Amino acid sequence: MKVTTMNESGVLSKRFPKFLQRGKLGAFLTVVLTGQLVYVSFEAFKGSLLLPLSESLGISVDQFGILMGWIGIAMFFYVPAGWVNNRFTIRSILIAFAGWRLITFLILFLVPGLSFKIMVAIAASWGIWDAIGWPAVVNGVVFVAKDEDTKGRGLAMGLLETVRRAVEFAMNAVILVFIGMFPDSAVSILKGFAIGYALLLIPLIFALLRYVPKNAVAESVQIGEKKAGKNVAALAGLVNVLLKPRVWMAGVAAMCLYWTYVNLIYLSAPYIKLVFNASDAVAGAFGIFNTGLIGVFAGLVSGAVADYVFKSSTVMLGISLAVTAGGAFTVSLLPAGSESMWLAMILLMVMAIGIFMGKAVILAPIAELHLPEHISGSAMSVGSFLAFASVFWAHPMTAGLVESHKNNVYEGYQQILWITIVVAGIGAACALILAIVNNRMDKAGMLEDHGENDPLAVKAEVVGEGSTIL
Numbered sequence: 090m091k092v093t094t095m096n097e098s099g100v101l102s103k104r105f106p107k108f109l110q111r112g113k114l115g116a117f118l119t120v121v122l123t124g125q126l127v128y129v130s131f132e133a134f135k136g137s138l139l140l141p142l143s144e145s146l147g148i149s150v151d152q153f154g155i156l157m158g159w160i161g162i163a164m165f166f167y168v169p170a171g172w173v174n175n176r177f178t179i180r181s182i183l184i185a186f187a188g189w190r191l192i193t194f195l196i197l198f199l200v201p202g203l204s205f206k207i208m209v210a211i212a213a214s215w216g217i218w219d220a221i222g223w224p225a226v227v228n229g230v231v232f233v234a235k236d237e238d239t240k241g242r243g244l245a246m247g248l249l250e251t252v253r254r255a256v257e258f259a260m261n262a263v264i265l266v267f268i269g270m271f272p273d274s275a276v277s278i279l280k281g282f283a284i285g286y287a288l289l290l291i292p293l294i295f296a297l298l299r300y301v302p303k304n305a306v307a308e309s310v311q312i313g314e315k316k317a318g319k320n321v322a323a324l325a326g327l328v329n330v331l332l333k334p335r336v337w338m339a340g341v342a343a344m345c346l347y348w349t350y351v352n353l354i355y356l357s358a359p360y361i362k363l364v365f366n367a368s369d370a371v372a373g374a375f376g377i378f379n380t381g382l383i384g385v386f387a388g389l390v391s392g393a394v395a396d397y398v399f400k401s402s403t404v405m406l407g408i409s410l411a412v413t414a415g416g417a418f419t420v421s422l423l424p425a426g427s428e429s430m431w432l433a434m435i436l437l438m439v440m441a442i443g444i445f446m447g448k449a450v451i452l453a454p455i456a457e458l459h460l461p462e463h464i465s466g467s468a469m470s471v472g473s474f475l476a477f478a479s480v481f482w483a484h485p486m487t488a489g490l491v492e493s494h495k496n497n498v499y500e501g502y503q504q505i506l507w508i509t510i511v512v513a514g515i516g517a518a519c520a521l522i523l524a525i526v527n528n529r530m531d532k533a534g535m536l537e538d539h540g541e542n543d544p545l546a547v548k549a550e551v552v553g554e555g556s557t558i559l
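Residue numbers (the numbering used here): 90 to 559.
Here's what the structure looks like:
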């Protein structure tokens with residue numbers, strides 16, 4: 090029998106990132122699961138379970154769209170939510186986020202005859218909380234994955250995407266199996282699982298309390314000869330973030346990546362069917378694979394490549410956008426018709442791999458700016474706003490091009506492809522330039538930002554220490 094020595098054990102442990110080792114694994118998994126379970130009883134059903142969800146709530150599909158629109162108001166609150174993320178700890182924000190979702194899920198599915206106006210109010214509250222909570226999830230992953238030996242956090246961000254997609258797929262698959270067995274009870278099955286899944290937030294809240302340590306938050310700020318308290322300090326931290334050019338460069342690169350992701354939705358099943366004459370079955374199967382399954386595996390691969398090959402998530406994002414631009418350009422050279430269908434599908438998969446590998450690390454470049462801990466939450470909020478801002482125009486623009494070229498779909502999709510090429514090219518340039526700037530600052534010993542050069546000098550503190558080890 091082989092006895093593992095302490096040295097061998099140390100070598101083995103170094104093969105894994107710190108956040109996957111004893112002491113941080115519980116915190117990492119808890120934060121990642123929070124990022125999925127808060128959406129598990131509503132948004133996660135919007136794909137294959139949309140109809141039974143709508144029926145269980147007693148609403149039409151159009152009304153479901155209205156609720157999703159109200160959730161979308163998160164876009165308007167990401168920047169002000171940066172103040173909240175500076176003012177309160179990651180743990181306290183995530184507990185409140187999960188708690189509010191739990192209460193409202195139960196109201197939604199247990200209160201009989203709930204009016205649509207109340208549903209709208211709940212959806213609007215979700216939108217506001219998403220603007221606060223999602224940056225806290227991403228910041229929590231970065232905080233837990235913080236490693237004094239290595240600077241790359243790409244694998245952690247990649248796992249966030251992969252685990253979330255895998256959990257959503259598995260939990261929805263369980264419901265679909267039961268609905269397949271008892272199709273006449275689809276609505277009751279969906280409602281029962283929605284309530285059951287919502288109740289998972291209770292042990293999750295206890296896990297947040299047990300495993301996630303507290304991070305530093307803004308304590309005070311010196312303005313002239315006066316010293317202001319925590320609320321003003323949190324606002325000052327947000328102002329400092331908004332004045333950092335590198336935050337904007339990372340945000341623009343993320344915006345370009347998400348814009349190409351939106352275009353990919355239209356460049357999958359509809360494109361293959363309308364331009365290359367694919368059957369409904371082939372187009373549907375390709376759409377599921379190209380916009381779904383690839384994303385599950387791309388996240389894990391992207392994070393590993395970012396950390397262990399490029400040593401930078403910023404470089405990974407730039408390369409991903411370059412691959413996306415190259416894939417879109419090659420697809421644009423193909424003629425319409427069924428003879429090009431299979432080649433188009435292969436090239437679109439290359440494009441999808443580029444997009445999903447970039448999407449897995451979309452906000453990781455913010456973490457690589459090495460900003461002070463007490464403003465990293467607001468940096469994630471600003472980054473989230475910039476990254477997802479393209480939702481305002483990308484969907485209407487792309488759908489409008491398809492609609493306005495019904496008589497010549499090939500021409501309409503050519504325009505979409507060229508928009509994708511240009512946007513991906515701009516994003517790749519921003520990411521790669523940022524990587525060069527970061528590298529030069531690192532060599533000059535200036536990459537670690539402790540806030541000493543910020544216009545507003547904010548003092549931070551860690552409100553409480555310690556967490557149970559897993």
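For every residue, glycine included, the Cβ atom is placed at its ideal position computed from N, Cα and C.
None of the values given here were measured: they were computed from a predicted structure.
Helix, strand or coil at Ala367 [DSSP, three-state] | coil
How is Leu203 classed by DSSP in three states: helix, strand or coil?
-> coil
Got a sec, what are the start and stop residues for the alpha helix (DSSP H) His494 sits in?
-> Unbroken run through His494: none, as it is neither H nor E.
Could you name the residues of the same chain whose beta carbon sits closer than 6 angstroms to that of Val341, not counting the 5 residues immediately before and after it, in chain order?
-> Cys519
Among Ser409, Val226, Leu279, Tyr397, nearest to Gly147 - alpha-carbon criterion | The shortest C-alpha separation from Gly147 is found at Leu279.
Tell me whether Asp238 sits in a helix, a strand or coil according to DSSP, three-state version.
-> Here Asp238 scores only 48 on pLDDT, less than 50, and its place in the model should not be relied on; the value that follows carries that caveat. Of the three classes helix, strand and coil, the one that applies to Asp238 here is coil, per DSSP.
Exposed or buried, Tyr397, counting other C-beta atoms within 10 Å across all chains shown (16 or more means buried)?
-> exposed
My guess is that Thr403 and Ala488 are in contact by the Cβ rule of under 8 angstroms, so how many angstroms apart are they, rounded?
-> Rounded to the nearest angstrom, the Cβ distance from Thr403 to Ala488 is 31 angstroms, too far for a contact under 8 angstroms.
Flag this pair as yes or no: are the beta carbons of Ala245 and Gly124 separated by less than 8 angstroms?
-> no
Whole-angstrom distance between Glu457 and Gly241, CA atom to CA atom | Legend: pLDDT at Gly241 = 49, less than 50; position of this residue unreliable, value from coordinates given subsequently. In this structure, the CA atom of Gly241 is about 7 angstroms from the CA atom of Glu457.
Cα-Cα, which of Gly188, Val231, Met157 is closest to Val120?
-> Val231
Give the range of the alpha helix (DSSP H) segment to which Val150 is assigned.
-> 150–160
Distance, Ser181 Cα to Trp159 Cα = In a straight line, the C-alpha of Trp159 is about 25 angstroms away from that of Ser181.
Would you tell me roughly how many angstroms separate the C-alpha atoms of Gly202 and Leu363, rounded to the nearest one?
-> Cα-Cα distance, rounded: 43 angstroms.
Say whether the stretch 503–513 touches the stretch 410–421, bearing in mind that this needs 3 or more beta-carbon pairs closer than 8 angstroms, one atom from each stretch.
-> yes
Report the three-state DSSP secondary structure of Phe271 (helix, strand or coil).
-> coil
Which residues bound the alpha helix (DSSP H) around Pro292?
-> Annotation for Pro292: the continuous alpha helix (DSSP H) segment containing it runs 290–300.
So, does the CB of Ala425 fall closer than 8 angstroms to a CB anywhere in chain D?
-> Of the chains in the structure shown, none is chain D; there is only one protein chain.
Extent of the continuous alpha helix (DSSP H) to which Tyr167 belongs | 167–176
Leaving out five residues before and five after Arg190 in sequence, what residues of the same chain have Cβ atoms less than 7 angstroms from its Cβ?
-> Excluding positions up to five away in sequence, the list reads Val127, Leu290.
Residue from Phe177, Met164, Gly154, Val150 with nearest C-alpha to Glu462 = Phe177
Mind the definition here: the stretch 157–174 touches the stretch 221–230 only if three or more C-beta pairs lie below 8 angstroms; say whether that holds.
-> Counting C-beta pairs with one atom in each stretch, the stretch 157–174 and the stretch 221–230 have three or more that are closer than 8 angstroms, which means they touch.
Leu138 by DSSP, collapsed to three states: which one?
-> coil
Closest by C-alpha distance to Ser149, when choosing among Val511, Phe205, Ala513, Ala449 | Closest by alpha carbon: Phe205.
For the putative contact between Trp348 and Ala483, defined by C-beta atoms under 8 angstroms, what is the C-beta separation to the nearest angstrom?
-> 5 angstroms
Can you tell which of Pro424, Gly285, Ala433 has the C-alpha that lies nearest to the C-alpha of Leu199?
-> Gly285
Quick one: what's got a C-beta closer than 6 angstroms to Glu144's C-beta in the same chain, skipping five residues either side?
-> Val276
Cβ neighbours of Ala478 in the same chain (closer than 7 angstroms, five flanking residues each side left out) | Met164, Met344
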